[in-house]
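Engineer: Sequences listed follow chains B, Z, E and V, in order.
The numbering of the first sequence is numbering that gives the first Met the number 0, which starts it at 0 and goes up by one.
The numbering of the second sequence is numbering that gives the first Met the number 0, which starts it at 0 and goes up by one.
The numbering of the third sequence is numbering that gives the first Met the number 0, which starts it at 0 and goes up by one.
The numbering of the fourth sequence is numbering that gives the first Met the number 0, which starts it at 0 and goes up by one.
4 protein chains.
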Amino acid sequence: MRDYVEIGIGREARRTYSLEDISIVPSRRTRSSKDVDTTWHIDAYTFNIPVMSHPTDALASPEFVIEMGRQGGLAVINAEGLWGRHEDLDAAIARVVAAAESTNPLELLSTAATTALQELHAYPLNDELLARRIGEVRESGATVAVRVSPQKARELAPKVIQAGAELLIIQGTMISAEHVATGGEPLNLKEFIGSLEVPVIAGGVTDYTTALHLMRTGAAGVIVGGGTNTNAISLGIETHLATAIADVAAARREYLDETGGRYVHIIADGDIETSGDVAKAIACGADAVALGEVLAPAAEAAGQGYYWPPVAAHPRFPRGFVSEAPTVLLENEERPSLETLLHGPSTEPYGYQNIVGGLRRAMAKCGYTDLKSFQKVGLSVR
Amino acid sequence: MRDYVEIGIGREARRTYSLEDISIVPSRRTRSSKDVDTTWHIDAYTFNIPVMSHPTDALASPEFVIEMGRQGGLAVINAEGLWGRHEDLDAAIARVVAAAESTNPLELLSTAATTALQELHAYPLNDELLARRIGEVRESGATVAVRVSPQKARELAPKVIQAGAELLIIQGTMISAEHVATGGEPLNLKEFIGSLEVPVIAGGVTDYTTALHLMRTGAAGVIVGGGTNTNAISLGIETHLATAIADVAAARREYLDETGGRYVHIIADGDIETSGDVAKAIACGADAVALGEVLAPAAEAAGQGYYWPPVAAHPRFPRGFVSEAPTVLLENEERPSLETLLHGPSTEPYGYQNIVGGLRRAMAKCGYTDLKSFQKVGLSVR
Amino acid sequence: MRDYVEIGIGREARRTYSLEDISIVPSRRTRSSKDVDTTWHIDAYTFNIPVMSHPTDALASPEFVIEMGRQGGLAVINAEGLWGRHEDLDAAIARVVAAAESTNPLELLSTAATTALQELHAYPLNDELLARRIGEVRESGATVAVRVSPQKARELAPKVIQAGAELLIIQGTMISAEHVATGGEPLNLKEFIGSLEVPVIAGGVTDYTTALHLMRTGAAGVIVGGGTNTNAISLGIETHLATAIADVAAARREYLDETGGRYVHIIADGDIETSGDVAKAIACGADAVALGEVLAPAAEAAGQGYYWPPVAAHPRFPRGFVSEAPTVLLENEERPSLETLLHGPSTEPYGYQNIVGGLRRAMAKCGYTDLKSFQKVGLSVR
Amino acid sequence: MRDYVEIGIGREARRTYSLEDISIVPSRRTRSSKDVDTTWHIDAYTFNIPVMSHPTDALASPEFVIEMGRQGGLAVINAEGLWGRHEDLDAAIARVVAAAESTNPLELLSTAATTALQELHAYPLNDELLARRIGEVRESGATVAVRVSPQKARELAPKVIQAGAELLIIQGTMISAEHVATGGEPLNLKEFIGSLEVPVIAGGVTDYTTALHLMRTGAAGVIVGGGTNTNAISLGIETHLATAIADVAAARREYLDETGGRYVHIIADGDIETSGDVAKAIACGADAVALGEVLAPAAEAAGQGYYWPPVAAHPRFPRGFVSEAPTVLLENEERPSLETLLHGPSTEPYGYQNIVGGLRRAMAKCGYTDLKSFQKVGLSVR
């Protein structure tokens with residue numbers, strides 16, 4: 000059924016597609032973008048826009064988390080980042096930014112900033128500090144989502160839920176329903192999720208089988224995506240997101256059938272840089288997207304114009320790095336508000352701003368007014 | 000029948016082709032380019048060359064419209080641009096140009112120029128001013144074509160026809176025979192076109208079905224193309240023009256059969272940058288082309304060496320932007336005349352000048368002497 | 000049998016391949032490159048290497064023609080270039096070079112040099128001057144090959160043969176066995192070639208049918224190639240040389256069968272930039288190659304480090320332009336001799352020098368020792 | 000069975016894939032990278048990591064050879080390089096480095112450095128000097144592997160084995176089991192290898208048939224790869240390593256069957272630049288890899304930050320050239336130790352450092368804990 004090629008005698012490889020390879024094809028009566036509804040319901044929560052933020056300290060300052068809620072989306076706090084390691088969070092962030100800014104512009108990337116991240120993450124995690132900060136955000140009224148790694152989930156999840164997390168994100172570069180380790184007790188996600196009182200979104204996954212197993216653990220949502228794009232070079236593992244989303248959507252159909260109607264949400268995370276990418280991800284089958292670098296220019300983002308994924312802080316094998324946020328056309332101008340990035344108005348033609356407005360227009364031009372039915376829009380590859 | 004690939008389990012995408020992907024294949028006895036006839040007949044009008052201009056204020060000054068007629072083509076005036084909004088049109092254009100010129104050359108594009116366009120288009124449309132200007136051009140003897148958007152067609156079309164428009168262009172980024180809107184009366188193009196006294200060219204469309212519906216509205220011509228190439232990034236909707244033209248040509252055959260002989264013209268609009276692109280568009284099935292940026296270097300063009308598509312002026316989600324016209328090799332030289340751009344002679348080897356000369360040579364080398372039969376020339380993809 | 004794709008509904012395009020797309024695959028016992036024989040026999044002539052030069056004044060100075068003969072190849076003189084138009088040929092060339100050198104380095108190409116070429120070619124052709132120059136080269140003992148255009152063949156061929164041309168090259172961008180023109184007598188190549196006393200090589204062609212027709216005219220060789228690579232942009236006609244050579248080789252087989260053994264040689268011309276390209280062209284089925292720009296760095300070349308194809312001089316629609324010869328790594332060094340370019344030794348790793356040495360090594364590594372059998376070597380596409 | 004395309008009438012080419020074209024697809028339960036075993040057993044030797052070094056003087060100083068052993072891999076000494084030609088080896092290397100450093104940075108590559116290499120290799124090979132140096136390294140306790148060319152194998156192999164070589168590498172750009180030469184006695188590898196007392200690794204090969212023949216000679220390992228990537232341009236022979244490895248792995252299966260269980264190792268050599276490439280090579284079927292340029296930044300490498308392949312020294316037709324080692328992000332920093340390059344820790348996100356750590360993580364994320372079973376991991380092409 001799949002499209003396989005024989006790369007050498009007796010060795011096959013599947014042909015896969017990234018978002019960049021595909022395009023949306025309008026072929027129905029056009030609609031007004033005002034008639035488009037972008038509401039996203041997951042578990043008991045409703046969001047006006049199908050947008051989460053990637054769980055990085057480069058985005059999630061308290062102000063950012065609160066503003067994401069106001070703008071209709073969901074910000075995610077990284078429990079294993081700097082929030083619980085440094086009493087003076089601003090100073091910690093400032094150290095990363097200073098290292099990045101001091102880099103010789105001729106260098107491709109800032110190893111000094113990576114070193115700063117590595118050193119800052121070597122500090123111990125102070126549970127009380129983390130809990131206090133989570134609590135403060137919760138008090139603001141924003142929906143609080145906190146990310147833990149699969150390795151630390153058992154230890155940290157109860158604490159962050161206790162502190163106020165309403166949605167738990169269990170996210171590693173790659174996750175499986177049962178991680179196998181010699182010695183040490185593996186995390187059985189099904190049992191673990193069953194023991195929690197809050198809905199869980201887990202990932203990332205990139206294939207049908209792992210996704211189906213993850214759905215069977217009871218997760219409310221599954222994150223599709225295989226981490227940063229340096230994985231393609233450093234690990235030989237390149238996630239082609241269009242294929243991955245479509246495969247996981249097939250797992251969603253299978254699981255719907257198995258369960259007689261339990262719908263697990265798919266959140267696409269990675270490679271999503273513009274409003275067009277958001278539209279394509281949903282067209283492939285995603286229910287929502289997690290945005291990272293594209294939100295980093297926001298005035299409310301913690302990173303002051305810099306971005307890094309959490310894995311950039313790995314002590315021995317960092318993937319990703321500290322980079323300037325894609326302000327694109329904004330030399331010498333102030334950083335835009337998160338509202339502008341998400342809802343416009345914009346003077347920028349590529350969909351780095353007014354991201355949700357772009358999604359609305361794409362849907363309207365194709366004649367769709369809700370996210371679920373837009374998952375069936377025609378696609379082309381070139 | 001079509002070529003589909005499975006991008007993920009149960010999700011297909013059609014393989015499509017842009018003009019860049021294809022090449023014309025000569026395989027007949029060669030002819031002299033002097034024997035090539037490029038006449039284009041549409042409705043009661045005959046043009047020596049199969050060339051319209053894209054309806055932008057960056058091209059259509061009164062001088063440009065008149066000169067296009069002299070050179071055998073058809074210029075299109077944008078009824079919703081600056082002609083009807085600013086008594087001092089030159090000053091309005093000059094403001095856009097000044098903003099573009101003041102941009103730091105290191106920036107990728109001029110947001111200041113976009114802001115200027117947005118502000119200038121926020122002025123109210125003065126029907127009398129627009130009518131007066133259309134009338135002045137009409138008096139010069141040039142064939143007058145005026146573009147209205149589908150949204151404003153009902154309101155503006157009678158006025159511009161009254162003012163002297165001989166051809167009405169109803170053009171939006173995407174158009175459908177019936178636009179659906181909650182509240183408000185949709186534009187039924189069939190009834191609307193039937194009520195007009197002038198021939199209508201409508202678009203853009205990119206697929207067979209929409210094109211066929213549009214043909215059934217009574218349009219004399221259909222514009223193929225999905226707007227600016229920033230749509231690919233901002234909306235996820237990338238028009239692959241070779242496929243789109245061929246699909247719409249198939250709709251033309253179907254409609255010919257349905258009607259027992261009514262021939263609807265296809266005008267390709269978008270991605271057409273050189274004489275080679277013009278030849279390819281016709282080889283795919285177009286009867287004529289609409290040229291935009293490639294005409295912007297003309298001394299007669301309004302934009303003084305700058306170009307922008309009408310959608311660059313959108314108040315919240317501009318697509319396209321103000322850019323320097325592709326003078327290519329002409330640093331420190333005067334801008335060429337529209338005659339040189341269309342008919343040469345040229346010192347430029349890529350077909351940015353002597354565009355119709357390039358079309359003639361392509362046809363002659365393939366052994367064709369008229370546009371219609373050249374639609375059957377052999378093609379290759381690499 | 001061919002590989003076709005449907006680019007749009009009811010419109011097909013053939014999938015074709017350029018030399019860049021393919022690679023030679025070694026799979027036999029390796030040989031020593033010393034055992035490789037590169038002899039090329041065509042008609043009564045034998046050349047040590049299967050190499051002609053492209054008929055441009057940028058290469059063919061008298062010294063260049065003589066040295067090509069010494070190095071085992073065949074230089075081609077352009078009868079319609081500057082040799083017969085300017086008594087002081089050096090001064091004419093110097094004017095082109097000076098225009099090119101005076102160009103602002105930021106410009107993509109030198110329109111001043113194109114203008115110089117256009118003006119220099121506007122001078123009348125002095126038959127006696129041309130004949131005298133051809134005669135002088137003939138006296139040196141080199142084999143003399145002269146190119147005429149199909150348009151001027153009837154007029155000029157007798158004169159250049161009378162002057163000493165031993166091989167006649169009838170070459171235009173595209174040629175067909177019978178060019179059709181309204182008014183004026185078309186050139187019937189079969190009759191014309193039959194009337195000549197010297198062997199004729201004719202081209203360029205890019206398809207099976209035209210090649211077969213051309214073979215039937217009695218030509219000793221057929222040139223495969225569709226002119227400069229600006230044609231792809233200016234005419235929409237891009238020659239994919241690997242496919243073109245293979246198709247014409249199929250015509251050669253057909254014609255061999257038709258005639259019971261008449262072998263027409265195939266000379267590949269265009270896109271051939273390195274020794275690897277020479278090897279690929281022969282692997283696709285060519286018997287020899289015509290080299291242009293890659294020979295321009297030679298100290299003996301007329302252009303003093305600049306190159307242009309003859310079509311760069313077209314008065315209204317030039318294709319190709321004056322460009323710096325690809326000295327590649329030779330900043331501040333002397334220009335290499337033609338001997339070094341063809342036979343080495345070299346300090347350059349990409350096969351821009353020791354071109355024939357590279358061909359020998361490619362053949363040896365694949366286990367072939369003569370050109371004809373190397374036409375069957377395995378190929379891959381990526 | 001294979002995937003062939005018709006590039007022209009009657010001429011086919013096989014579709015092949017490079018490492019860059021493929022990606023590893025995780026689809027099993029994830030593991031901890033600590034559980035991954037990268038041990039490589041070949042003949043009587045066991046290495047902790049599946050890594051050889053390419054046999055170039057740019058890497059193999061005595062310190063480098065010894066340190067490679069300490070880090071678990073195998074360094075290879077080039078018997079035909081500078082070790083046996085220059086009493087003062089450091090001075091010889093320094094001359095190459097000085098030539099490279101003196102090159103104008105605007106030049107694409109240093110012909111002066113190539114000239115230096117050519118001149119330094121023109122010195123006679125002093126067998127005693129070579130033997131003395133090999134002996135000194137042997138005394139250090141490191142496993143000693145020495146490379147000879149097929150042409151010189153008969154003459155040099157006994158000497159280097161006598162001097163202490165424990166593994167003999169017979170490596171040329173392309174090798175076949177029997178090289179055919181007019182006059183002179185061909186090297187019959189089967190007889191030759193049978194006569195030696197040490198295990199032999201031979202290559203490079205790129206196809207099934209040659210690999211099978213080479214396996215039948217009794218070689219313990221076969222090197223897959225066709226030399227430097229300038230071959231693609233200079234010879235028209237481009238090795239697509241993913242296909243080549245898979246084809247040779249098929250030959251390994253055939254030979255296993257023929258012999259009832261003799262397992263010949265496959266070492267991939269060429270194009271391997273990052274930890275991701277190492278993982279992909281093994282995923283395609285390799286048992287180990289030979290690393291070249293990626294190890295050149297090591298403080299222990301002979302080339303002091305420069306790299307060249309042995310073929311860069313060819314007297315008439317060099318392929319490859321002297322280039323700066325890919326320090327990538329390390330401007331103004333010290334060169335990393337070989338330990339850091341192989342085992343980390345790293346601040347670099349692309350897998351140019353901590354190469355084995357990257358391999359471990361790739362395997363763990365895919366759920367594999369040993370190299371042999373990782374050869375079956377899923378693959379994709381885009």
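From the three backbone atoms N, C-alpha and C, an ideal C-beta is built for every residue, glycine too.
(1) In this structure, does DSSP put GLY356/B in helix, strand or coil?
(2) Any residues in the stretch 330-356 of chain B with a beta carbon nearer than 8 Å to a beta carbon of chain Z? Which ones, in chain order?
(3) Given a threshold of 16 other Cβ atoms within 10 Å of its Cβ, counted over all protein chains shown, does GLY80/E qualify as buried or as exposed?
(4) Compute the distance between the beta-carbons of GLY68/E and ALA141/E, then report whether it is under 8 Å.
(5) Check whether chain B comes within 8 Å of LEU58/V, counting only Cβ atoms and requiring the distance to be less than that.
(6) What does the Cβ neighbour count give for ARG261/B, buried or exposed, with the cut at 16 atoms within 10 Å?
(7) Taking any Cβ of chain E, which residues in the stretch 299-324 of chain V have a Cβ under 8 Å from it, in chain order?
(8) Is the closest heavy atom of the ligand SAH to the C-beta of THR209/E under 7 Å?
(9) Relative to the alpha-carbon of THR208/E, which residue among ARG252/E, ILE232/E, PRO198/E and THR227/E has its alpha-carbon at the smallest distance?
(10) Establish whether the CB of LEU186/B and some CB of chain V are separated by less than 8 Å.
(11) Give the DSSP bridge partners of ALA267/Z, in chain order.
(12) Please compile the residues from chain V whose C-beta is within a distance smaller than 9 Å of the C-beta of ALA249/E.
(13) Alpha carbon to alpha carbon, how far is PRO309/Z from LEU290/Z? Give it in angstroms, no decimals.
(14) Check each residue of the stretch 25-45 of chain E: if its Cβ is closer than 9 Å to any Cβ of chain V, include it; give the result in chain order.
(15) Under three-state DSSP, which class holds PHE316/Z?
(16) Please compile the residues from chain V whose C-beta is within a distance smaller than 7 Å of the C-beta of THR242/E.
(17) Taking DSSP's pairing of strands, which residues face THR24/V in a bridge?
(18) Thinking just about the alpha-carbon of each residue, which of TYR306/V, ARG381/V, SER379/V and LYS371/V is nearest to the one in HIS40/V?
(19) Would HIS264/V pass as an interface residue toward chain E - the criterion being a Cβ-Cβ separation below 8 Å?
(20) How about LEU211/V: is its C-beta nearer than 8 Å to some C-beta of chain E?
(21) In chain V, what lies closer than 7 Å to ILE236/B by C-beta?
(22) My output table needs one value for ALA300/B: the three-state DSSP class, helix, strand or coil.
(23) Are there three or more Cβ pairs, one per stretch, closer than 8 Å when the stretch 293-305 of chain V is compared with the stretch 96-110 of chain V?
(24) Buried or exposed: where does PRO61/Z fall if 16 or more other Cβ atoms within 10 Å of its Cβ makes it buried?
(25) Less than 8 Å between CB atoms is the rule here; does ALA379/B satisfy it with respect to chain Z?
(26) With a Cβ-Cβ cutoff of 8 Å, do VAL247/Z and ALA219/Z count as a contact?
(27) I'd like to confirm the pairing. Which residues does DSSP put opposite GLY366/Z in its beta bridges?
(28) Does the beta-carbon of ASN230/B have 16 or more other beta-carbons within 10 angstroms, so that it is buried, or is it exposed?
(29) Can you find a C-beta in chain Z that's less than 8 Å from the C-beta of ALA91/E?
(30) Could you check which residue in ALA201/E, ARG359/E, THR242/E and TYR254/E has the C-alpha nearest to that of PRO54/E?
(31) Using a Cβ-Cβ cut-off of 6 Å (strictly less than) and excluding sequence neighbours within five positions of THR205/B, which residues of its own chain qualify?
(32) One question on the structure: do ALA297/Z and PRO344/Z come within less than 8 Å of each other, judged by their Cβ atoms?
(33) Kindly indicate if chain V contains any beta-carbon less than 8 Å away from that of ASP246/B.
(34) For SER26/B versus ARG360/B, is the C-beta spacing smaller than 8 Å?
Structural biologist: Reading from the atomic positions:
(1) helix
(2) GLU330, ASN331, GLU332, GLY343, PRO344, SER345, THR346, GLU347, PRO348, TYR349, GLY350, ASN353 and GLY356
(3) buried
(4) yes
(5) no
(6) Taking all protein chains in view, the Cβ of ARG261/B is surrounded by fewer than 16 other Cβ atoms within 10 Å, so the residue is classified as exposed.
(7) Taking 8 Å as the cut-off between beta carbons, the residues of the stretch 299-324 of chain V near chain E are ALA311, PRO314, ARG315, PHE316, PRO317, ARG318, GLY319 and PHE320, in sequence order.
(8) Here there are no bound small molecules, and the ligand SAH is not part of this structure.
(9) ARG252/E
(10) no
(11) Under DSSP, ALA267/Z takes part in a beta bridge, and its partners are VAL223/Z and VAL288/Z.
(12) GLY7, ILE8, GLY9 and ARG10
(13) 14 Å
(14) PRO25, SER26, ARG27, ARG28, THR29, ARG30, SER31, SER32, LYS33 and ASP34
(15) coil
(16) ILE6 and GLY7
(17) Residue identity check: residue 24/V is Val in the sequence provided, not Thr. Bridge partners of VAL24/V according to DSSP: GLY377/V.
(18) The option with the nearest alpha carbon to HIS40/V is LYS371/V.
(19) no
(20) Judged by the 8 Å Cβ criterion, LEU211/V is not in contact with chain E.
(21) SER22, ILE23, PRO25, ALA361 and LYS364
(22) coil
(23) yes
(24) Only buried fits PRO61/Z, as 16 or more other CB atoms lie within 10 angstroms of its CB.
(25) Checking the sequence shown, residue 379/B turns out to be Ser, not Ala. It does; some Cβ of chain Z falls within 8 Å.
(26) Contact flag unset, no.
(27) None; GLY366/Z has no bridge partner.
(28) buried
(29) no
(30) ALA201/E
(31) GLY225, THR238 and ALA243
(32) no
(33) Among the CB atoms of chain V, none fall inside 8 Å of the CB of ASP246/B.
(34) no
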